[in-house]
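Participant:
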Amino acid sequence: MRLLLVEDDDRVASALSAVLGRHGFEVVQAGSGEEALAALLPDAGPPVDVVLLDLGLPDQDGFEVCGKIRRGSGTPVIMVTARADVRSRIHGLNLGADDYVVKPYDTGELLARIHAVSRRRAAGDEREAESAAGGADAVGEPVRFGPVLIEPASRQVEVDGAVITLTRKEFDLLSLLAQRPGVVFRREQIISEVWRTNWEGTGRTLEVHVASLRAKLGLPALIETIRGVGYRLVVPAA
Numbered sequence: 001m002r003l004l005l006v007e008d009d010d011r012v013a014s015a016l017s018a019v020l021g022r023h024g025f026e027v028v029q030a031g032s033g034e035e036a037l038a039a040l041l042p043d044a045g046p047p048v049d050v051v052l053l054d055l056g057l058p059d060q061d062g063f064e065v066c067g068k069i070r071r072g073s074g075t076p077v078i079m080v081t082a083r084a085d086v087r088s089r090i091h092g093l094n095l096g097a098d099d100y101v102v103k104p105y106d107t108g109e110l111l112a113r114i115h116a117v118s119r120r121r122a123a124g125d126e127r128e129a130e131s132a133a134g135g136a137d138a139v140g141e142p143v144r145f146g147p148v149l150i151e152p153a154s155r156q157v158e159v160d161g162a163v164i165t166l167t168r169k170e171f172d173l174l175s176l177l178a179q180r181p182g183v184v185f186r187r188e189q190i191i192s193e194v195w196r197t198n199w200e201g202t203g204r205t206l207e208v209h210v211a212s213l214r215a216k217l218g219l220p221a222l223i224e225t226i227r228g229v230g231y232r233l234v235v236p237a238a
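Residue numbers (full-length UniProt numbering): 1 to 238.
1) Within 8 Å, do at least three Cβ pairs link the stretch 9-16 to the stretch 59-68?
2) Does DSSP classify Phe25 as helix, strand or coil?
3) Within the same chain, show all residues whose beta-carbon is closer than 6 Å to that of Phe145, passing over the 5 residues directly before and after it, in chain order.
4) Starting from Leu57, follow its DSSP beta bridges and name the residues at the other end.
5) For Gly62, report the span of its alpha helix (DSSP H) as first-last.
6) Just to confirm before moving on: does the CB-CB distance between Arg2 and Asp43 stay below 8 Å?
7) Once DSSP output is grouped into helix, strand and coil, what is the label at Gln179?
8) With burial defined as no fewer than 16 other Cβ atoms inside 10 Å of the residue's Cβ, what is the status of Gly33: buried or exposed?
9) How long is the line joining the alpha carbons of Leu110 and Arg155, rounded to whole angstroms?
10) Among residues of its own chain, excluding the 5 on either side of Phe25, which ones have a beta-carbon nearer than 6 Å to its beta-carbon?
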């Protein structure tokens, strides 16, 4: 697996590159946002499988870099940063980051997250290929509940007729809950079906995605937390 490590601290970058190299990864280093974006260009060499992105870069904020990456590429991005507040997590995921790791972190956890986003990307590519091969019959029917309309074919969501921009995982999460409104989905089930992994460390990511969905849809009561169990979609009153 080929990784792009975007980190401006040479000491940190060298130490992490050495660890990743011992685990079989090929690491390409970039010390700035400009270098990172250049390394992802088609003529820059073999494609990158995962980007490890620090937010405190010398030339531009890592959030800005993530947005630029996502506009031109579907390469998985893991933000690796000391910014631990929930607002930063939500902002990063809304920009299209696939995961968010807070420094200091356990190396084993980082390795697990790298493998997890790689598996999810592969599974997503397979599902998209299957849908393309199956044509229109492979796409589900539109789902409406209250003011919310989900269009599986276009992966578009509307609230009272207004289009709401969601990330891939936010859309998948909402679509899963909408399959059975009122039914509680266990956290383990959601993580398995949306993130295609059973790794328990994804739980925090799930919470952040739920919070982001509530905020974007403007319906905080739409997704109910069942403490200690999971989540369910509550159909709004007419």
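The beta-carbon is built from N, C-alpha and C at its ideal position, and this holds for glycine as well.
Facilitator: Looking at the atomic coordinates:
1) no
2) coil
3) Pro181 and Val235
4) DSSP lists no partner for Leu57.
5) Gly62 to Gly72
6) no
7) coil
8) buried
9) 30 Å
10) Met1 and Leu3
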